[in-house]
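I have placed the structure first, in the form of structure tokens, so that the comments after it can refer back to it.
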Amino acid sequence: MSKERIIFCDFDGTITVNDNIVAIMKHFKPEGWDKIVDDVIAQRVSIREGVGAMFALLPTARKKEVVDYAIGNAVIRDGFKEFVAYCREQGIKLLITSGGIDFFIYPLLAAFDIPREHIYCNASSFEGNTIEILWPNACDDQCTNDCGMCKTSIIRSYDAERYERIIIGDSITDFEGAKLVDTIFARSHLIDRCEQLGYPYYAFDTFFDIMKQLEAEPVL
Ligand SMILES: [Mg+2]
Ligand SMILES: [Zn+2]
């Protein structure tokens with residue numbers, strides 16, 4: 001019996017052309033955001049801490065501006081619409097596993113036929129004076145990275161014996177997940193990481209490239 005294909009697809013820099021959190025910070029430039037980014041890159045603080053601290057710099061009074069900017073600024077990568085349709089036709093389970101935030105992820109994905117329960121991302125609260133990020137998908141007991149939205153916890157919850165697991169991503173945060181799966185589709189920093197460690201991967205530029213490769217490869 002062949003395995004069931006399941007895809008774990010990143011959002012920022014993968015489904016969208018650019019990283020939306022970085023775009024928000026670069027646009028609103030809250031005092032101190034760049035130092036937090038440096039700390040995250042240098043791994044002095046975890047991704048969860050860093051993202052939480054950056055949004056805590058933005059006043060909730062500017063909610064509408066922040067949300068409108070994030071949604072208006074994002075560009076969806078070519079072929080994504082067709083890719084969602086392809087997965088549905090082929091019976092491939094497509095999960096969106098994103099370290100992004102609900103207030104831009106759900107509106108940007110609303111145009112596509114993806115069930116809400118297949119979208120994993122961080123949440124947000126605008127109740128206080130500054131934006132608070134909430135973490136409904138935290139790390140399980142096997143992950144010590146304090147991811148915020150833990151991709152490896154989700155991937156591990158799908159049995160490798162039953163599923164052919166496929167990851168699509170662009171950055172360092174996808175790399176831990178990439179180590180677990182059967183097939184990696186990579187762009188940008190994720191390519192560099194795969195190269196450094198000798199992991200096989202398929203480079204992609206559009207979702208048409210991914211469909212072509214999935215078609216060419218028999219299901220495990
Ligand atoms: Mg990304
Ligand atoms: Zn984790």
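Sequential numbering of the sequence shown, starting at 1, is according to the UniProt record's numbering. Note that the Cβ used here is the ideal one computed from N, Cα and C, for glycine as well.
Proximity winner among the options, relative to residue i (alpha-carbon distances)
i, options, result
"K63", "K3, N129, I166, E31", "N129"
"H118", "C9, E4, K3", "C9"
"G13", "P200, S171, P218", "S171"
"V48", "A111, R77, N137, S188", "It is worth fixing the name first, because residue 48 is Arg in this sequence and not Val. Checked all of A111, R77, N137, S188; the closest Cα to R48 is N137."
"I15", "D34, R156, L94, G32", "L94"
"G169", "L134, R193, T60", "R193"
"A85", "I101, I114, F103, L214", "I114"
Per DSSP, cross-strand counterpart(s) of residue i
i, result
"K93", "I6"
"F185", "I168, Y202"
"P59", "T130"
"Y163", "E4"
"T16", "I76"
"Y86", "None; Y86 has no bridge partner."
Per-residue burial, residue i [other beta carbons within 10 Å of its own, 16 or more giving buried]
i, result
"M54", "buried"
"D68", "exposed"
"G72", "exposed"
"T152", "buried"
"R44", "exposed"
Residue i: first and last residue of the uninterrupted beta strand (DSSP E) it sits in
i, result
"L108", "Where L108 is concerned, there is no enclosing beta strand (DSSP E), although the alpha helix (DSSP H) it sits in stretches over 102–109."
"S125", "119–125"
For residue i, the first and last residue of its enclosing alpha helix (DSSP H)
i, result
"A178", "175–178"
"S46", "Premise fails: S46 is in no alpha helix (DSSP H) and is neither H nor E."
"E215", "207–216"
"T144", "No alpha helix (DSSP H) contains T144, which DSSP labels as neither H nor E."
"residue 223", "Lying outside 1 to 220, the shown extent of the chain, residue 223 is not represented and no answer is given."
Touching or not, the stretch 26–39 and the stretch 119–127, by the rule of three or more beta carbon pairs under 8 Å?
With the cut-off at 8 Å, the stretch 26–39 and the stretch 119–127 do not touch.
Using 8 Å as the threshold, is the stretch 193–201 in touch with the stretch 150–166, meaning 3 or more CB pairs across them?
No, they do not touch.
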